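For the sequence shown, the numbering used here begins at 7 and goes up steadily by one.
Each residue gets a CB set at the ideal place from its N, CA and C atoms; glycine is no exception.
These numbers were taken from a predicted model, which means no experiment stands behind them.
In what follows, a structure is listed as structure tokens, so that the remarks can point back to it.
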Amino acid sequence: MDDETHAAVMDYVTNLFAQEDDAMASIKPESEEAGIPQIHIRAVEGKMMQVLIRAAGVKRMIEVGTLAGYSGSWIARALPEDGKLICLELEEKHAEFSRGTFEKLGLSHKTEVRVGKALELLEALTPDGPFDGIFIDADKDGYLDYLAWALDNLRVGGLILAHNAFLHGDILGEDRVEDEGRKRAVRGMRAFNQTLADDERLLSTVIPVRDGTAVAIKVK
Ligand code: SAH
Ligand code: MG
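In structure tokens form, the structure reads like this:
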């Protein structure tokens, strides 16, 4: 398949399986209006996560990096009525916006947004574990720490999802990038993917849709 055809079949899948309702479709334009960076997942990735969340029987999940609540909305909608998504977000402005998003989508009872550094918030959540799943989509050099927490605090059978496994191609090597911060991100993401591949407690892969979503099940 050439690139153009590949893009067309991706659109086909999105139209067939991942159509947004009006409330969901308003999140991106309204957050852009509010000056929030437009780095949300795509609808096709949201639907993919919903299927995996249901397959793993996830009820209590953590999201690391919430932005405007777009991915959180896909996740929360996949959880059962008595499920809960705890969202961890560094920026007060993003947290506030995402609370509004969940309110608008009727998801407030299933969501909670906490503000601070994800690693500190995760440590504070330890007594409430074990959890059923985690979605990681924040600072890329933190992924390995978030994974270490997940290995200790997810139940067996729990689901780990992590966005941007390809770093828009930069995953292929830090010599591809100039910026020191970006090099750190590349090193962090490569170490994260390597650990997913090597750790015997995990059954893992990367689903190569868009920028790649790493998926792992904690099997022991
Ligand atoms: N998951 C969102 C996009 C997240 S963008 C979606 O697809 O809809 C990454 C987010 O992570 C940003 O909102 C950023 O403020 C937040 N972030 C960055 N570093 C963080 C940290 N150390 N702890 C918690 N959140 C962090
Ligand atoms: Mg992302």
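| said: Determine whether the beta carbon atoms of L73 and I81 lie at a separation below 7 Å. | reply: no
| field | Assumed close pair G194, Y149 - CB separation to whole angstroms, cut-off 8 Å | value | 6 Å
| Just to confirm, does H100 get its C-beta within under 6 Å of one of the non-hydrogen atoms of ligand 1? | yes
| Reference A130; option with closest CA among V64, E36, V57 and W155 | W155
| query | Around ligand 2, what residues have a beta-carbon under 5 Å from a heavy atom of it, in chain order? | reply | D143, H169 and N170
| query | With 16 as the cutoff for other CB atoms within 10 Å, does E95 come out buried or exposed? | reply | buried
| task | Report buried or exposed for N21, applying the criterion of at least 16 other Cβ atoms within 10 angstroms of its Cβ. | result | exposed
| Who are the near neighbours of I42 in its chain, counting only those whose CB is closer than 8 Å to its CB and skipping five residues on each side? | L73, A74, K99, H100 and F103
| field | When G179, V225 and R161 are compared against L209, the one with the closest alpha-carbon | value | V225
| query | Taking C-alpha atoms, which residue in I47, P35, E38 and G52 lies nearest to F23? | reply | G52
| message | For K123, count the other beta carbons within 10 Å of its own beta carbon; 16 or more makes it buried, fewer makes it exposed. Which is it? | response | exposed
| field | Cβ-based neighbour list, L58, same chain, cut-off 8 Å, excluding 5 preceding and 5 following | value | L165, L167 and V221
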